[in-house]
Amino acid sequence: MRKKIMAILLTLTMAGILFAGCGGSKNEVQEDASSEVGQESAITAESEVKESPAAGGNKEAVTLTMWVWDDAQVPATQAMVDEFHEMHPNINIEITSIAGVQDYNTKMQTVIGTKDAPSVFWINFNLAKEYIPMGFVQDLTEYINKDSEFDITKLNAGITDAYTVDGKIYGIAKDTDGFAVFYNKSLFDAAGVKYPENEWTVEEFAQTAKELTGDGVVGWSNTTSDRAYYNFMYSYGGSPYTEDGSAANVNSKGSVEAMQVLLDLMNNGYAYTRAEMDEMSPSVAFESNLAAMTIDGSWMVSEYSTALGDNLGIVEVPGGPNGKASTGHGIAYATTTSNPHMEETWLFLSYLGSDAAQEKQVEVVIPAANDCASTWEAVYPNLNLTAFVKALGYNKPYLSDKNATASRSAFQEYLANMQSGMYTDAQEAMDAAQEAMNAAINQ
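Here is the structure:
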């Protein structure tokens, strides 16, 4: 699987971002406004539409369930469901949105392999590494090959490859992402600090955070995301895992050097502590003009743009001695081997992989459809979305080869301890994290 994730990097470097826009259709959509604070919800498409001849008016009604983990993407997903329902009036789709990927993963673990598993669900690298080897995820290769109207090559090959095991395809690519620094122009102006430029360093990032801190404002919102911290490790020549993904690497020289810079930021009061983040999420603090900078993914562009308007700035992640790094990822749509409605589910999955469906999420995420990717940049012409496009060129893997969820959780435990002021020495913290992560990998 690690080789497959690495293939993403090569494919995204040459990204489908450079292609023309989606076939001239109208764009409709939205984003991750509440992956941290949204509540579980269910929406059913019951559109009153004329039945198309292809739909077959006498077909038995079927209800499929769909799980997602981002409330802010529900409007875009609902638009897809509504259009699909017009095409196939006998197929209803119930969307369940679960607040945040961690809760989503927890709930998925309780239903995967049972009759309660969703018909269609978002799958990420973590879930793929766990559920595909266990036989819970349906192999879609036969359906793809038999469907003459579906062209898998129109989707980003790197993402497709990441969900391909032993030549079998288990996911229909949904989107891709990259990291950048979002900043609040008004807070920079108030502090008399120059806006950051794309070619800046981690040291300059730290100094900027220091200069912005004061009068109730903190320089960096901090983050509970391990991926954001892994970006810094790579930029210093370290990495979260060894090259083959078989062991942790967080206590390597480069990883520790990067973590020490960030630990000093926290201990000096230039970044939020864990207690402060528990009281108010980093994204909310940034949107509330309480944090001048935040490091986040491309999926947050819509939310932050809505919150800050013209005060929002975007710049590439800072570089370390080894340059810049962004832990890349791509989500796919999948189904389970226990699905009793595979014919109808494949109709929906094949639609989700079409340009017509993919373009509906263009205001929210970078679509996986090659012909839709460049449209994403055009949605926000006044923002530096090129920062994310460039990030696709220096994307890095961030998962262990096995037991990825457990090893990430082990790191996050020690990250929380660092953010809580329990450490001043990053080497000590990373030595402890290394031991816990390897224990998780080898369990």
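Residues -20 to -1, 1 to 423 (mature numbering (1 follows the signal peptide of the UniProt record, and there is no 0)) make up the sequence shown, in order.
Note that CB positions come from ideal geometry on N, CA and C, so glycine has one too.
Give me the Cα-Cα distance between residue i and residue j, rounded to the nearest whole angstrom.
i       : j      : result
Tyr163  : Lys95  : 45 Å
Glu183  : Gly300 : 8 Å
Glu20   : Asp224 : At Glu20, the pLDDT of 41 sits below 50, so the modelled position is not reliable; the number obtained from the coordinates is stated separately. When rounded, the distance between both Cα atoms is 37 Å.
Ala265  : Asn202 : 10 Å
Val61   : Ile73  : 7 Å
Pro33   : Glu323 : Caution is warranted here: a pLDDT of 36 is assigned to Pro33, below 50, making its placement in the model unreliable, and no coordinate value can be reported.
Ala409  : Met88  : 31 Å
Thr90   : Trp47  : 13 Å
Pro55   : Val344 : 10 Å
Gly(-5) : Ala386 : Residue placement at Gly(-5) is flagged as unreliable, the pLDDT there being 38, under the threshold of 50; the coordinate-derived value follows with that caveat. C-alpha separation (whole angstroms): 33 Å.
Ile71   : Asp206 : 39 Å
Ser282  : Ile78  : 19 Å
Ser235  : Val241 : 10 Å
Asp119  : Val145 : 9 Å
Met67   : Gly289 : 37 Å
Asn248  : Glu237 : 17 Å
Ile149  : Glu179 : 39 Å
Gly196  : Gly172 : 16 Å
Ile358  : Ala348 : Note that residue 358 is Ala in the sequence shown here, rather than Ile. If I take the Cα positions, the gap works out to 16 Å.
Asp141  : Ile103 : 14 Å
Ala412  : Tyr394 : 8 Å
Lys129  : Asp244 : The residue asked about is misnamed: residue 129 is Glu in this sequence, not Lys. Roughly 55 Å separates the two Cα atoms.
Gln122  : Ala384 : First, the amino acid is wrong: residue 122 is Glu here, not Gln. Taking the straight line joining both Cα atoms gives about 28 Å.
Asn418  : Glu40  : 51 Å
Ser334  : Tyr250 : 45 Å
Asn302  : Tyr209 : 15 Å
Tyr360  : Ala416 : 42 Å
Ser15   : Phe101 : Model confidence at Ser15 stands at a pLDDT of 33, short of 50, so the residue's coordinates are unreliable and nothing is read from them.
Asp50   : Gly310 : 15 Å
Ala336  : Ala353 : 13 Å
Tyr111  : Val81  : 16 Å
Ile139  : Ala170 : 42 Å
State the start and end residues of the unbroken beta strand (DSSP E) segment that holds residue i.
i      : result
Val241 : No beta strand (DSSP E) contains Val241, which is instead part of the alpha helix (DSSP H) from 233 to 247.
Thr188 : Thr188 -> not in any beta strand (DSSP E); alpha helix (DSSP H) instead, spanning 182 to 192.
Phe101 : 100 to 103
Would you mind reading off the limits of the alpha helix (DSSP H) that contains residue i?
i      : result
Asp141 : 137 to 142
Ser166 : 165 to 171
Met67  : 54 to 67
Ala353 : 353 to 359
Thr366 : 366 to 371
Ala265 : 262 to 267
Ala419 : 406 to 421
Asp290 : Run containing Asp290: none; DSSP gives neither H nor E here.
Thr325 : 322 to 332
Met398 : 384 to 399
Ser215 : 206 to 215
Between the beta-carbon of residue i and the beta-carbon of residue j, is there less than 8 Å?
i      : j      : result
Asp155 : Gly277 : no
Ile421 : Ser380 : yes
Met280 : Ser261 : no
Thr45  : Thr76  : yes
Ala189 : Val295 : no
Tyr331 : Phe105 : no
Ala160 : Val297 : yes
Asn269 : Leu135 : no
Leu363 : Ser285 : yes
Thr317 : Thr325 : no
Asn291 : Ser166 : yes
Ala272 : Gly199 : yes
Ser99  : Thr253 : no
Gly147 : Phe116 : no
Gln53  : Gln338 : no
Val230 : Gln58  : no
Ala108 : Tyr143 : yes
For residue i and residue j, which I take to be in contact (beta-carbon distance under 8 Å), what is that distance rounded to the nearest angstrom?
i      : j      : result
Asn375 : Thr274 : Asn375 to Thr274, Cβ: 20 Å. No contact.
Gly398 : Met246 : Position check: residue 398 holds Met in this sequence, whereas Gly was assumed. Yes, Met398 and Met246 are in contact; Cβ-Cβ is about 7 Å, under 8 Å.
Ile152 : Ala312 : 6 Å
Tyr175 : Gly293 : 6 Å
Quick one: is the Cβ of residue i within less than 7 Å of any heavy atom of the ligand COA?
i      : result
Phe368 : Absence of the ligand COA from the depicted structure is noted, as is the absence of any ligand whatsoever, leaving it without description.
Just grab the DSSP bridge partners of residue i for me.
i           : result
Lys376      : Thr307
Phe130      : The partner list for Phe130 (beta bridge, DSSP) is empty, contrary to what the question assumes.
Lys148      : Val145
Val342      : None; Val342 has no bridge partner.
Pro347      : Asp155
Val91       : Its beta-bridge partners do not exist; DSSP assigns none.
Val295      : Val161
Ile275      : Val161
residue 489 : For residue 489 there is no data in the structure shown, the boundaries of the chain being -20 and 423.
residue 425 : Summary: the structure shown does not reach residue 425, with the chain confined to residues -20 through 423, and so no result is reported for it.
Thr316      : Val117
Ala228      : Tyr221
Determine, for residue i, whether the minimum Cβ-Cβ distance to residues of chain B falls below 8 Å.
i      : result
Asn383 : Checking the listed chains, one finds no chain B in this structure; it contains a single protein chain.
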